[in-house]
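Participant: Pasting a structure here, questions to come.
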Amino acid sequence: MFHRRDFGKITCYFSGNGEYLLNDRRYPIRDGSMVVSHPRFRTTCRTLSGKLGLYNILFLPELIDDELKKMENSFGFFSIFHPEEPAFSDLYVTDTDRGLRGIVCALRRKFRRRLHEACRLLAAAPALPVVEVALKSGFNDLSHFCYLFPREFGTLRRVR
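Per the working numbering, the sequence shown starts with residue 6, numbered consecutively.
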């Protein structure tokens, strides 16, 4: 069922496989995908396999910066990427969305810096509880941190 809303939405998927339908176009989504949706577009999401795990970040159109405001009437106010697979990344961005691509890349860099800060903290203070490492490196969701950190670095000691 397609729907429209009064707010913009950034959705980050952390499990499952599905399809994101934007107006009449279909985009694949999977673990690690990110979707940015404009409020005026008709959207829906369909699960293909597994349960779709996701986080939604909602924003009011009047709060987005000037560069994004210029694009609000563009069909292409949409992107998807897979940060954990840089060699196979899918980035669906139209020509009018170059500013959005920059924002998505900046979010990706910030996220990776947080993971690297967590790695530094773990190396510097091996006795520091994982909960403290997650909080000090900017994560406020321990389960998400415990899921993502091993994907980036291969391991994470037990939570104390």
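C-beta atoms are modelled at their ideal positions from N, C-alpha and C, and glycine is treated no differently. Here the structure is a predicted model, which means the values were calculated and not measured.
Tell me whether the beta-carbon of leucine 57 lies closer than 7 Å to the beta-carbon of glycine 23.
Facilitator: In this structure, glycine 23 lies closer than 7 Å to leucine 57 by Cβ.
Participant: Determine which residues share a DSSP beta bridge with tyrosine 32 and list them.
Facilitator: Tyr25
Participant: State buried or exposed for threonine 16, treating a residue as buried only when at least 16 other CB atoms are found within 10 Å of its CB.
Facilitator: buried
Participant: Looking at the secondary structure, which residues open and close the alpha helix (DSSP H) in which arginine 156 lies?
Facilitator: Per DSSP, the continuous alpha helix (DSSP H) segment holding arginine 156 begins and ends at 147–158.
Participant: Quick check: what's the CA-CA separation for phenylalanine 150 versus glutamate 137?
Facilitator: 11 Å
Participant: Is serine 142 near arginine 114, with beta carbons less than 7 Å apart?
Facilitator: no
Participant: Return the chain-ordered list of same chain residues with a C-beta closer than 6 Å to the C-beta of arginine 51, the five sequence neighbours on each side being excluded.
Facilitator: Gly23, Glu24
Participant: Can you tell me whether DSSP reads arginine 114 as helix, strand or coil?
Facilitator: helix
Participant: Do the CB positions of aspartate 36 and serine 20 come within less than 7 Å of each other?
Facilitator: yes
Participant: Given a cut-off of 7 Å on the beta-carbon distance, is the pair aspartate 11 and proline 44 in contact?
Facilitator: yes
Participant: List the residues that DSSP assigns as beta-bridge partners of arginine 119.
Facilitator: Beta-bridge pairing links arginine 119 to no other residue.
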